[in-house]
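Per my numbering, residue 14 is the first one in the sequence shown, and the count goes up by one each step.
Contents: one structure, followed by commentary.
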Amino acid sequence: MRSVSPTPLRLAQLRHQGRRAVAATSEGVSRLIRDTATVLDLANAAIASGHGLRAEIEKRGLGETVDLAAALAAGEVLAPIDHPDPSHVMVAGTGLTHLGSAEGRDKMHQDLADLSKATDSMKMFRMGLDGGRPAPGKEGVQPEWFYKGDGSTLIPPQGSLPSPSFALDAGEEPELAGIYVNGPDGTPWRIGFALGNEFSDHVTERQNYLYLAHSKLRVSAIGPELLVGEAPADIRGTSRILRQGKVIWEKPFLTGEANMSHTIANLEGHHFKYQLFRRPGDVNVHYYGTATLSVSDGVVTEPGDVFEISAEPFGLPLANPIGRVDAPWPVVKVL
14 MRSVSPTPLR
24 LAQLRHQGRR
34 AVAATSEGVS
44 RLIRDTATVL
54 DLANAAIASG
64 HGLRAEIEKR
74 GLGETVDLAA
84 ALAAGEVLAP
94 IDHPDPSHVM
104 VAGTGLTHLG
114 SAEGRDKMHQ
124 DLADLSKATD
134 SMKMFRMGLD
144 GGRPAPGKEG
154 VQPEWFYKGD
164 GSTLIPPQGS
174 LPSPSFALDA
184 GEEPELAGIY
194 VNGPDGTPWR
204 IGFALGNEFS
214 DHVTERQNYL
224 YLAHSKLRVS
234 AIGPELLVGE
244 APADIRGTSR
254 ILRQGKVIWE
264 KPFLTGEANM
274 SHTIANLEGH
284 HFKYQLFRRP
294 GDVNVHYYGT
304 ATLSVSDGVV
314 TEPGDVFEIS
324 AEPFGLPLAN
334 PIGRVDAPWP
344 VVKVL
C-alpha cells in the first residue's frame, strides 16, 4: 500500500501578548502550541522523549489561533530558531552546490580571465557534478564551505540587514537553510528547513576568490516559518528587490535536491564530520547555496532596498530591508 505524505507542518516563533510563543501552521491554520516558548525547547523535549516533533506537538496540544501574517507585519515574528546564548549557534553554509550556480560565480571571477582556463569555482563545481551525489551512507566529494557567524548574526524577518560601512556590496542570496540541534550525545538532529537570505558582499569576493571568507562575514536572515520534516526535491521560488515600494529586479530561483549537484546528506555529512559542530546542545543553521544572484545581472543595491524571498511550501515570504552600520577601523591597545 502506498504511503501518504503527512500534511505539511510549519513552525514559527513569535511574541504574543507580551510573551514568547510558538505557532504551528497546518492546512492554512496557525495555532499556538500549548506551554511552548521556543522551537529549541520543543526540539529538545522531542529528542529526550525519543519521538518526532509532530508527536511532541500532539502531546502538548494546540491552543488559540493566531494571525501569523498580521504578527509578521507588526514585527512580532522572530527567527524560527535561536538559543539563550547566541554563541551556541553556528551559522555556516556551502556554495557551488546548485546546477547553474557556477555560471553566476564565474561571471564574477572571469571578467579579465582567459576563458579557456577553468577558474577554481568551475573546478569545484565540476567536482560536485562528478561526486556530490553519492549512494546513501557513502561519502561524496567535499563542497565549498564558509562561516557566517554565531546566533547574534541572525536577523529576524522584517528586520534590517546592517551592511558595514567598509562593505563594497550588499547582496542577497535566496537559499534553503537546514536547522539543526545537537542532542546530549552530540548527535545532530535536523529540526527542519527554512527560507534564507545569505546576505553577502559579492564585490569583495569578485576581487579575489580568496576573499570569499571576508565576503561571507555578514548578517543573514531566515524564516519566517520552519518546515518540519523533509523538504520537497524541487522547490521553485521568487527572489525580488523593491526600491521605494517598486520592484527593480525579480527572478525565479530553484533549490531542493532535484536542482542541486550535491545531496543534502552529503552537505550535512561534510559539515557535521567536524566534532566542533557536534557540541551537545548547540544549534546549527546551514545554508545550502543558490544559483540566483542579482549582482550577476548588474544590480547595485542601496540602503533601504528590500529583499523579498518566497517559495512554496514555506508559507510567508522572507523580507528584509538593507541597512548600514558604521564600522570604524579598530585600534588594538597593549596591556
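Beta carbons: idealized from backbone N, C-alpha and C, even for Gly.
Among the options, nearest to residue i - alpha-carbon criterion
i, options, result
"Thr305", "Leu75, Arg47, Asn210 and Pro326", "Asn210"
"His349", "Arg146, Ser213 and Glu185", "The structure shown does not extend to residue 349, since the chain is modelled only from 14 through 348, so no value can be given for it."
"Glu321", "Gly250, Ser100 and Thr200", "Gly250"
"Gly153", "Gly317, Ala278 and Pro293", "Ala278"
"Thr217", "Thr303, Ile70, Arg203 and Gly184", "Gly184"
"Ala340", "Val104, Trp262, Lys136 and Ser176", "Ser176"
"Ser6", "Leu81, Lys264 and Met137", "Any answer about residue 6 is impossible in this case: the structure gives the chain only from 14 up to 348."
"Arg337", "Glu71, Ser178, His111 and Tyr300", "Ser178"
"Glu186", "Leu24, Gly108, Gly144 and Ser43", "Gly108"
"Lys229", "His299, Tyr287 and Ala271", "His299"
"Leu208", "Ala82, Gly76, Lys346 and Leu329", "Leu329"
"Glu89", "Ile335, Gln26 and Glu315", "Gln26"
"Thr276", "Leu223, His111 and Thr132", "His111"
"His227", "Ala84, Gln30, Tyr160 and Lys136", "Tyr160"
"Trp262", "Val319, Pro293 and Arg47", "Val319"
"Leu4", "Val194, Arg47 and Gln30", "Lying outside 14 to 348, the shown extent of the chain, residue 4 is not represented and no answer is given."
"Phe212", "Pro334, Leu24, Arg33 and Met140", "Pro334"
"Ser165", "Ala131, Gly199, Ala105 and Tyr301", "Ala105"
Local conformation of residue i per DSSP, three classes
i, result
"Ile70", "helix"
"Gly164", "helix"
"His96", "coil"
"Glu211", "coil"
"Phe138", "helix"
"Asn57", "helix"
"Thr200", "coil"
"Gln220", "helix"
"Ala50", "coil"
"Asp339", "coil"
"Asp63", "For the record, residue 63 in the displayed sequence is Gly; it is not Asp. Three-state result, Gly63: coil."
"Gly205", "strand"
"Arg15", "In this predicted model, Arg15 has a pLDDT of only 49, less than 50, meaning its place in the structure is not dependable; the value taken from the coordinates is given anyway. The answer is coil: DSSP assigns Arg15 none of H, G, I, E or B."
"Gly144", "helix"
"Leu85", "helix"
"Asp127", "In this prediction, Asp127 scores a pLDDT of 49, lower than 50, which makes its location untrustworthy; the coordinate-derived value is nonetheless stated afterwards. It is coil, neither helix nor strand."
"Thr132", "coil"
"Leu174", "strand"
"Val345", "coil"
"Pro330", "coil"
"Phe350", "Any property of residue 350 remains undetermined from this structure, which presents the chain solely from 14 to 348."
Extent of the continuous alpha helix (DSSP H) run through residue i
i, result
"Gly191", "Where Gly191 is concerned, there is no enclosing alpha helix (DSSP H), although the beta strand (DSSP E) it sits in stretches over Pro187 to Asn195."
"Leu225", "Leu225 to Lys229"
Run of the beta strand (DSSP E) containing residue i, from where it starts to where it stops
i, result
"Glu238", "Ser233 to Val241"
"Leu45", "Val42 to Ile46"
"Ala10", "Nothing can be reported for residue 10: it is not among the residues displayed for the chain, which extend from 14 to 348."
"Arg34", "According to the sequence displayed, residue 34 carries Ala and not Arg. Counting along the chain, the beta strand (DSSP E) containing Ala34 begins and ends at Arg32 to Ser39."
"Glu152", "Segment: none, Glu152 is in no beta strand (DSSP E) and carries neither H nor E."
"Gln26", "Arg23 to His29"
"Thr78", "Leu75 to Thr78"
Under 8 Å, with one C-beta from each stretch per pair, do the segment 222-239 and the segment 170-186 reach the 3-pair mark?
These segments touch.
Which ranges does the beta strand (DSSP E) cover as unbroken runs of at least 3 residues, wholly within the segment 252-327, from first to last along the chain?
Taking only runs of at least 3 residues, the beta strand (DSSP E) segments lying wholly in the segment 252-327 are 259-268, 296-300 and 319-324.
Is the segment 212-227 in contact with the segment 240-258, if contact means three or more CB pairs nearer than 8 Å?
By the Cβ criterion, the segment 212-227 is not in contact with the segment 240-258, since fewer than three pairs of Cβ atoms, one from each stretch, lie closer than 8 Å.
State whether the segment 199-207 contacts the segment 51-61, with contact taken as three or more CB pairs (one from each stretch) at a distance under 8 Å.
Because the criterion of three Cβ pairs below 8 Å is met, the segment 199-207 and the segment 51-61 touch.
Are the segment 190-201 and the segment 29-48 touching by the rule of at least three beta carbon pairs closer than 8 Å?
Touching, no, given that fewer than three Cβ pairs across the two stretches are closer than 8 Å.
Check whether the segment 43-53 and the segment 65-85 touch, using three or more Cβ-Cβ pairs below 8 Å as the test.
Yes, they touch.
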